[in-house]
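If you read the sequences in order, they're chains A and B. Residue numbers 1 to 122, in full-length UniProt numbering, belong to the letters of the first sequence in order. Residue numbers 1 to 438, in full-length UniProt numbering, belong to the letters of the second sequence in order. Remarks on the structure that follows.
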Amino acid sequence: MAKRVLVIEDEPNITEAISFILSRDGWTVHTHADGASAADRVRRAPPDLVILDIMLPGRSGLDILRDLRASPETAAVPVMMLTARGQSRDRDLALSLGADRFMTKPFSNAEVLENVRTLVAG
Amino acid sequence: MARSALAGSRIRARRLDRGLAQADLARAAGISASYLNLIEHNRRRIGGRLLNRIAAELEVEPAVLSQGAGRPLLDQLAAAAAAPGSEAEEDRAEAFAEAFPGWAALVARQAARVGELEGRVAALTDRLAHDPRLATSLHELISAVTSIRSTASILVGADDLDRDWQERFHRNIHDDSLRLADASRELARRLEPVEGAAASPAEALAQFLDRTDHHVAALEGPEPAATPAEVAAGVPGIGPPAAQRLATAWLSRYAADARALPLTEFGAAARETGYDPAALARRFGAPLAAVLRRLAALPPGEGHPPTGLAVCDGAGALLQLKTAPGFVLPRAGPGCPLWPLYQALGQPGRAIRAAVALPGDAPRLLVYAVAEPVAPAAFGGPVLTEAVMLVLTDPPPGLDPPAPVGIACRICPRRRCPARREPSVLPEDDGEARGHAL
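The following block contains the structure:
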């Protein structure tokens, strides 16, 4: 059965590109664009990996990450953070909250694939 | 400047510059060396023919010895010397200004320019860190680039992409390229420096008012030539609509003052009362703060005396500053809290009239200050207070001894000042050294 990835990102074209490359690599991809309801969505059906943008409408990706780590059913789900802000304090904060990877936009497709494979395999 | 602002100090500095021994100058001037020593240490007054003889020996105009270089230039040089790491010989500033007036003016101008540019850098740094519109523009730009990069990689790398996906990704790239163009234009517009532009709307308004000597002719008269909003829109470098609204609010108050205290009648009454704010407030039934603002807005060149004005908010931040000969406050950063402007803030509603003087032999100034609420009272709302201070640089005789004030601690020689909050870079004041108050 194909592994499931949930992409939480509000930019539709970025979501579409990530979905396309992951689908062609054999992953089942689900998408979600709203920050406020994102944690509930993950809890309802925990995927094998979450790709989570930091700047989301409704709620920050960092707050969502904090929720996921505090919830027993989602605490162990691997999370890869995306951000357009490359400041080290964002990276440090995300990693201290339990993020497994941190990618700064603009990233390459190869980077996305490599990180996803590593996180789910690991 | 106090230590060198006395004639004796200037004679000494000039003599040393020329390499003359005290005894030689004394002999040439027809006095004893010990008497010249007393003069040079400001223990004997000098004037008349003796001053002329010494000036001739030192090859300088007598007025240069008796009055020194212009105080505004000396104040600017003191501010320049206060820069961190400066090793400028503070006690030679006046000699420098007199010997090389062109160079001294250049140093003063360049120091002012450095200060202005530093202020602009600080403002831009602050914007980069905290301006949400700039952050939004940057986020939009990076998002578009990310999308284009991923999508273009897919198009280049997937040979077997079916036609529907190809068309879809081409459309996405096209849309994102338009977004990228808009975002980059917006970002460039926000970051592009404009030569000569003001660092902030407040600075733009200040530059505009300085050019008009704080008199806005277009808002005067029974039928003003323009509305406050029209004047605000014409202020060079005023910036976005929000900044124009702030300028409009300020100019609207000017217009209201002009209606309540019409220029012709007010100007005539000001002359008649000897520029007495209290008498003018009674005659026109106007708040004292409005009278003080109006006196500072009297047009130059119509025989009115020179005036300075400072307006600050409850936090002490200067909202308006009209400098005048012998009167200056730092536009940015903390000024001397001894000015009646700040004293008035602590006692709203109390009118203050005081003679003050900057250190040294600076001319006496007559100041009037009052603090008043600026917004209509509202139940539970914040209390906003504004202090206004009018400065008359040519006061009538018979004033009380002046209270000491300064420009800012770093360039003030009054070591024992109770309001001091940081060390001075200047040597001790002559007056203080001789045991005078402050």
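Yeah, the Cβ is synthetic: ideal placement off N, Cα and C, and Gly gets one too. Keep in mind the model is a prediction, meaning the values are calculated, not measured.
C-alpha gap between residue i and residue j, whole angstroms
i                     : j                     : result
residue 41 (chain A)  : residue 52 (chain A)  : 12 Å
residue 92 (chain A)  : residue 299 (chain B) : 60 Å
residue 48 (chain A)  : residue 84 (chain A)  : 24 Å
residue 356 (chain B) : residue 221 (chain B) : 35 Å
residue 218 (chain B) : residue 336 (chain B) : 34 Å
residue 103 (chain B) : residue 20 (chain B)  : 24 Å
residue 2 (chain B)   : residue 42 (chain B)  : The predicted position of residue 2 (chain B) is uncertain, since its pLDDT is 38 and thus under 50; no value can be drawn from it.
residue 251 (chain B) : residue 209 (chain B) : 11 Å
residue 405 (chain B) : residue 338 (chain B) : 5 Å
residue 14 (chain A)  : residue 329 (chain B) : 54 Å
residue 119 (chain A) : residue 110 (chain A) : 14 Å
residue 75 (chain A)  : residue 55 (chain A)  : 21 Å
residue 362 (chain B) : residue 253 (chain B) : 34 Å
residue 114 (chain A) : residue 77 (chain A)  : 18 Å
residue 86 (chain B)  : residue 78 (chain B)  : 11 Å
residue 272 (chain B) : residue 266 (chain B) : 10 Å
residue 158 (chain B) : residue 106 (chain A) : 20 Å
residue 283 (chain B) : residue 31 (chain B)  : 59 Å
residue 297 (chain B) : residue 308 (chain B) : 10 Å
residue 249 (chain B) : residue 36 (chain A)  : 40 Å
Among the options, nearest to residue i - alpha-carbon criterion
i                     : options                    : result
residue 398 (chain B) : B:364, B:46, B:74, B:423   : B:364
residue 168 (chain B) : B:18, B:287, B:286, B:148  : B:148
residue 79 (chain A)  : A:117, A:58, A:57          : A:117
residue 109 (chain B) : B:13, B:27, B:75           : B:75
residue 400 (chain B) : B:275, B:353, B:17, B:80   : B:353
residue 346 (chain B) : B:268, B:312, B:133        : B:312
residue 286 (chain B) : B:392, B:59, B:260, B:66   : B:260
residue 116 (chain B) : B:80, B:188, B:283         : B:80
residue 263 (chain B) : B:249, B:175, B:412, B:293 : B:293
residue 60 (chain B)  : B:203, B:92, B:15          : B:15
residue 301 (chain B) : B:213, B:277, B:409, B:227 : B:213
residue 95 (chain B)  : B:415, B:118, B:17         : B:17
residue 235 (chain B) : B:225, B:223, B:211        : B:211
Residues near residue i by beta carbon distance below 7 Å, same chain, minus five either side
i                     : result
residue 39 (chain B)  : 8, 11, 46
residue 183 (chain B) : 137, 140, 141, 144
residue 22 (chain A)  : 5, 29, 116
residue 73 (chain B)  : 97, 104, 105, 108
residue 375 (chain B) : 384
residue 102 (chain A) : 81, 91, 94, 95
residue 258 (chain B) : 219, 220
Closer than 7 Å at the beta carbon, the chain B residues around residue i
i                     : result
residue 55 (chain A)  : 139
residue 14 (chain A)  : 143, 146, 147, 150
residue 11 (chain A)  : 143, 147
residue 106 (chain A) : 142, 145, 146, 149
Per DSSP, the bridge partner or partners of residue i
i                     : result
residue 311 (chain B) : B:320, B:388
residue 369 (chain B) : B:352, B:389
residue 55 (chain A)  : Beta-bridge pairing links residue 55 (chain A) to no other residue.
residue 96 (chain B)  : DSSP output for residue 96 (chain B) lists no bridge partner at all.
residue 29 (chain A)  : A:5
Listed by chain order, chain A residues near residue i by CB distance under 9 Å
i                     : result
residue 154 (chain B) : 17, 20, 21, 24, 109
residue 172 (chain B) : 12, 13, 16, 17
Residues of its chain near residue i, where Cβ-Cβ distance is below 8 Å and the 5 sequence neighbours each way are ignored
i                     : result
residue 274 (chain B) : 396
residue 29 (chain B)  : 36, 50, 53, 54, 57
Contact set between residue i and chain A, taken where Cβ atoms lie within less than 8 Å
i                     : result
residue 162 (chain B) : Near residue 162 (chain B) there are no residues of chain A at all, since even the closest Cβ is about 12 Å away, more than 8 Å.
residue 176 (chain B) : 13
Contact set between residue i and chain B, taken where Cβ atoms lie within less than 9 Å
i                    : result
residue 33 (chain A) : Here the premise fails: no neighbours, minimum Cβ distance about 13 Å.
Neighbourhood of residue i by C-beta, 6 Å cutoff - its chain only, sequence neighbours within 5 removed
i                     : result
residue 66 (chain B)  : 7
residue 3 (chain A)   : 27, 48, 120
residue 9 (chain A)   : 15, 53
residue 348 (chain B) : 371, 385
Residue i: contacting residues in chain B (beta-carbon distance under 8 Å)
i                    : result
residue 84 (chain A) : 138, 139, 142, 143, 146
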